[in-house]
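Visitor: First, the structure itself, so that you have it in front of you.
In the working numbering, the protein residues as written are 4 to 98.
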């Protein structure tokens, strides 16, 4: 019932959602709840945004800053877990 195992898989660059889908394909009804539990952990523990230093912006720059918001952390989470897996060599960190 702990989302920690799913978090370790989803946040591991060489595993991500692709591994979860493959490893749990016979128990796929567990995948969506596990991802939602990890998403909640992500939201609770992600680093807080550091407020930017106020700077004098032109009217155009202020407009762009208002209109072009960075993606939400929800989008960032999905982008990461759905991203391509990155192969990590077969050697250990101690090698």
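All residues carry an ideal CB built from backbone N, CA and C; glycine is no exception. In this text, all values refer to a predicted model and were calculated from it rather than measured experimentally.
Quick check on DSSP: helix, strand or coil for residue 45?
Guide: Taking the first residue of the chain shown as position 1, residue 45 is located at position 42. If DSSP states are grouped into helix, strand and coil, residue 45 belongs with the helices.
Visitor: Count the other CB atoms, across all protein chains shown, that sit within 10 Å of the CB of residue 19; report buried if there are 16 or more and exposed otherwise.
Guide: Along the chain shown, one-based indexing puts residue 19 at 16. Counting Cβ neighbours within 10 Å, residue 19 comes out buried, since at least 16 surround it.
Visitor: Is there contact here, the segment 59 to 69 with the segment 16 to 36, by at least three beta-carbon pairs under 8 Å?
Guide: No: the two stretches stay apart, fewer than three of their Cβ pairs being nearer than 8 Å.
Visitor: How many angstroms separate the CA atom of residue 45 from the CA atom of residue 67?
Guide: Along the chain shown, one-based indexing puts residue 45 at 42. Along the chain shown, one-based indexing puts residue 67 at 64. The alpha-carbon atoms of residue 45 and residue 67 are separated by roughly 28 Å.
Visitor: With a 10 Å radius around its C-beta and 16 neighbouring C-beta atoms as the bar for buried, classify residue 38 as buried or exposed.
Guide: Within the chain shown, residue 38 is the residue found at index 35, counting from 1. With 16 or more Cβ atoms within 10 Å of its Cβ, residue 38 is classed as buried.
Visitor: Is residue 64 helix, strand or coil when you go by DSSP?
Guide: Here residue 64 is taken as the residue at index 61 of the chain shown, counted from 1. It is helical.
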